[in-house]
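For reference, the structure discussed in these notes is given below.
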Amino acid sequence: MRCLVVADVHSNLEALRAVIADAEADGGFERVLCLGDVVGYGPDPSECLALLRSYPHAAVAGNHDLAAIGELSVDTFNPAARAAALWTRHRLTPDEQAYLRANPLRHEESGATLVHGTPREPVWEYFLPWLMPPQVTDECFSLFDTPLCLLGHSHLPFACDEAGIVTPLQPGMTLAVDGARTIMNPGSVGQPRDGDPRAAYAVYDTEACSLTHHRVPYDIERTQLKMAEAGLPDSLAVRLSFGR
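In the working numbering, each number is its position in the sequence shown, counted from 1, plus 159.
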């Protein structure tokens with residue numbers, strides 16, 4: 160089975176549409192694995208939720224998802240993120256709120272464990288092994304039993320093996336996941352932060368036991384225009400142009 164792996168869509172409909180179209184044109188997929196933060200920051204929370212829900216999928220909750228439904232305080236968010244979370248909160252329907260509330264913090268299927276942050280702290284903690292003490296990385300690996308752990312939150316595409324070796328992911332790169340256990344972040348669909356403004360995603364082939372990283376351009380200016388019309392913070396729109 161081919162699974163489309165997406166993280167940190169952040170209400171960016173243009174980016175999500177581009178990712179889906181690109182994946183469908185490149186072999187297609189049978190299922191979507193969503194690693195949290197479908198909403199927050201961007202201008203189209205309802206539309207992104209509807210598009211995701213139109214496909215067979217599994218999704219875990221992210222911190223922005225929980226903040227948007229009042230399940231997580233926004234007091235620790237920076238001012239722009241807080242403003243966007245509160246803007247989103249007032250636009251979600253009861254059904255959309257119920258959907259986000261029902262998403263688990265952790266999900267396992269097809270040989271993969273899905274979380275937003277880390278297996279240790281799935282909502283808030285960033286998995287950044289180049290900054291973490293080795294014992295923290297080791298603890299994260301000890302907290303899942305599947306060959307693969309898929310996570311988001313940092314918006315940075317990379318893979319890390321049990322030895323703590325980090326591999327930055329480049330477009331078209333395919334990793335075998337039939338040997339050493341791996342933690343992998345596909346990067347962000349809707350708000351990349353690795354200096355590449357293109358939307359990022361991965362395809363997980365459960366039969367080939369492989370992960371392939373992809374980047375695809377999308378209409379950034381249209382997203383920025385929508386954000387301006389919605390009155391969302393300018394800084395959130397500007398950063399889309401630079402992938403930062």
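Each residue gets a CB set at the ideal place from its N, CA and C atoms; glycine is no exception.
### Task
Just the C-alpha distance for GLU366 and ASN237, rounded to the nearest angstrom, thanks.
42 angstroms
*asked:* What does the alpha-carbon distance come out to for the pair PRO376 and GLY346?
replied: 14 angstroms
query = Is it true that the CB of TYR200 sits closer than 8 angstroms to the CB of ALA243?
reply = yes
**OP:** Go through the segment 177-245 residue by residue and report every complete run of the alpha helix (DSSP H) that reaches 4 residues or more, in order.
**Re:** 204-212 and 222-227
- Give the straight-line distance between the Cα atoms of PHE303 and HIS372, rounded to the nearest whole angstrom. 22 angstroms
Query raised in the report: In whole angstroms, what separates the C-alpha of PHE401 from that of ASP185?
Result: 26 angstroms
> Near ASN171, which residues of its chain fall below 6 angstroms by C-beta distance, leaving aside the five closest residues on each side in sequence?
Replying inline: GLY201, GLY349 and THR382
Using the Cα positions of PRO281 and ALA261, report the straight-line distance between them to the nearest angstrom.
15 angstroms
Measure the C-alpha to C-alpha separation of SER369 and THR272 and round it to an integer number of angstroms. 15 angstroms
Q.
Extract the residue ranges of the beta strand (DSSP E) inside the segment 251-289, only unbroken runs of 3 or more that lie entirely within it.
A. 266-268 and 271-273
(message) If I measure Cβ to Cβ from GLY323 and keep anything under 7 angstroms in the same chain, skipping five residues before and after, which residues do I get?
(response) PRO288, PRO293 and THR296
Which runs of the beta strand (DSSP E) at least 3 residues long sit entirely within the segment 295-359? Give them in chain order.
307-309, 316-320, 325-327, 333-335 and 341-345
Open item on the list: Three or more C-beta pairs under 8 angstroms: does that hold for the segment 209-229 against the segment 385-400?
Closed with: no
**Message:** My output table needs one value for ARG398: the three-state DSSP class, helix, strand or coil.
**Reply:** helix
_Any beta carbon from chain D within less than 8 angstroms of ARG265's own beta carbon?_
Of the protein chains in this structure there is only one, and it is not chain D.
Please identify the residue among LEU192, GLU267 and GLU298 whose C-alpha is closest to the C-alpha of ALA279. In the sequence as displayed, the identity of residue 279 is Arg instead of Ala. Out of LEU192, GLU267 and GLU298, GLU298 has the C-alpha closest to the C-alpha of ARG279.
- Item | Endpoints, the beta strand (DSSP E) within which CYS370 is located | Checking the sequence shown, residue 370 turns out to be Leu, not Cys. From DSSP, the beta strand (DSSP E) with LEU370 extends over 369-375.
Is the Cβ-Cβ distance between LEU251 and VAL233 less than 8 angstroms? no
Check: Taking the C-alpha atoms as reference points, what is the distance between ARG161 and GLY276?
Finding: 23 angstroms
message = Do LEU310 and LEU194 count as a contact pair if the criterion is CB distance below 8 angstroms?
response = yes
So ASN344 and LEU315 are in contact, right, with Cβ under 8 angstroms, and what is the actual spacing, rounded? 6 angstroms
Checklist entry - Hey, quick one: how far does the alpha helix (DSSP H) through LEU384 stretch, first residue to last? => result 379-389
task = Could you pull out every residue in the same chain whose Cβ sits closer than 6 angstroms to the Cβ of ILE342, ignoring the five residues on either side in sequence?
result = CYS308 and CYS319
| query | Just the Cα atoms here: how many angstroms apart are ASP203 and HIS223? | reply | 14 angstroms
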